[in-house]
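Sequential numbering of the sequence shown, starting at 23, is according to my numbering.
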Amino acid sequence: MLWPLLQQAVNPKKITPILHISFFLYTSPIFLSIWTNCPYFFKRGCYIVTTLTMTKAPQGNYTVKVPTKTYLRKYVTASLGAPIALNYSSTLGTLILSLLEMDSFSVNMNLVKQDTRLTSFDDCIEAVSSIKTMRYKGYSLTPTKIIAINRFLENAFIEDLYIHCKSSLKKREWRPGIEDGIRSFAEGCGIIIDEDISLDALKKAEWRFRKKKEERKLQTFVLPQRGTSAFAFC
């Protein structure tokens with residue numbers, strides 16, 4: 023009676039019966055007596071069942087490539103190395119793995135803008151993960167997900183650039199200026215100015231971020247109208 027069930031169980035398309043039968047074979051009190059008295063082909067059937075349920079994940083790595091710009095790739099490499107480890111230990115790794123789990127994603131762009139954005143990517147970031155981690159991810163990086171990752175990298179890059187320039191101004195008494203801070207930040211990331219990205223583009227990006235920070239700071243210090251609570255603005 024068990025042999026037809028075993029023939030059904032070893033079918034790779036039917037995984038659930040395998041688990042049930044394997045569990046029965048290991049936990050049944052009459053397992054040893056059956057194993058001793060059963061013919062060779064039955065033993066082989068049991069072996070197939072147990073190996074199908076007990077096999078470990080294959081060893082190796084899975085590589086995910088994210089199209090990006092050269093200066094962003096160098097920025098990521100300076101902090102995470104190359105290729106980066108695709109796991110939940112870094113913010114970028116968490117973002118990529120989270121996006122891989124999603125079937126669809128929107129970046130509020132029409133197809134023309136998406137194509138323009140994608141064609142501007144001239145480099146690639148490689149992320150390596152174990153097959154054991156990637157076997158739970160059923161989807162790939164679509165164009166919208168690639169754009170979302172690059173938006174995240176651009177925002178992180180500009181924020182770090184702003185923080186570096188601000189700290190460099192405070193450390194030196196002779197106040198070298200924003201340009202020197204930008205150049206030293208680019209040098210630390212291995213970014214070649216006017217080749218990977220222009221100095222003017224970096225200046226504008228830092229200036230826009232700084233202005234937004236100043237505007238937010240001013241908004242937090244706006245006095246409430248008479249008769250209202252300051253907590254109403256929080």
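All C-beta atoms in this analysis are idealised placements derived from N, C-alpha and C, irrespective of residue type, glycine included.
| Item | Value |
| --- | --- |
| Identified DSSP bridge partners for C187 | None; C187 has no bridge partner. |
| Check whether T90 and N177 have beta carbons under 7 angstroms apart | no |
| Through-space distance from R230 to E236, alpha-carbon basis | 10 angstroms |
| Three-state class that DSSP yields for T99 in the structure shown | helix |
| C146 burial status per 10 Å Cβ neighbour count (16 or more: buried) | exposed |
| Pairwise C-alpha distance: P165 and L140 | 7 angstroms |
| K167 beta carbon less than 7 angstroms from that of L121 | yes |
| Cβ-based burial, K96 [other Cβ within 10 Å; buried from 16] | buried |
| Distance between L175 and N132 (C-alpha atoms, nearest Å) | 21 angstroms |
| Inter-stretch contact at 8 angstroms, needing at least 3 Cβ pairs: the stretch 104–119 / the stretch 206–226 | no |
| Residues that D145 bridges to, as DSSP identifies them | T90 |
| As assigned by DSSP and simplified to three states, the class of R150 | Residue identity differs from the one stated: residue 150 is Val in this sequence, not Arg. Three-state result, V150: strand. |
| Where R238 falls, given that 16 or more other Cβ within 10 Å makes a residue buried | exposed |
| Opposing strand residues paired with I106 [DSSP bridges] | A149 |
| Proximity of V134 and A170 at Cβ, strictly below 7 angstroms | no |
| Residue range of the alpha helix (DSSP H) that includes T116 | T113 to E123 |
| CB of I215 within 7 angstroms of CB of A208, strictly | yes |
| Limits of the unbroken alpha helix (DSSP H) element including F127 | F127 -> no alpha helix (DSSP H), and no H or E assigned at all. |
| For N83 and S151, believed in contact at Cβ under 8 angstroms, the rounded distance | 7 angstroms |
| Which of helix, strand or coil DSSP assigns to I214 | coil |
| Own chain partners of K225 with C-beta closer than 6 angstroms, once the 5 adjacent residues on each side are dropped | none |
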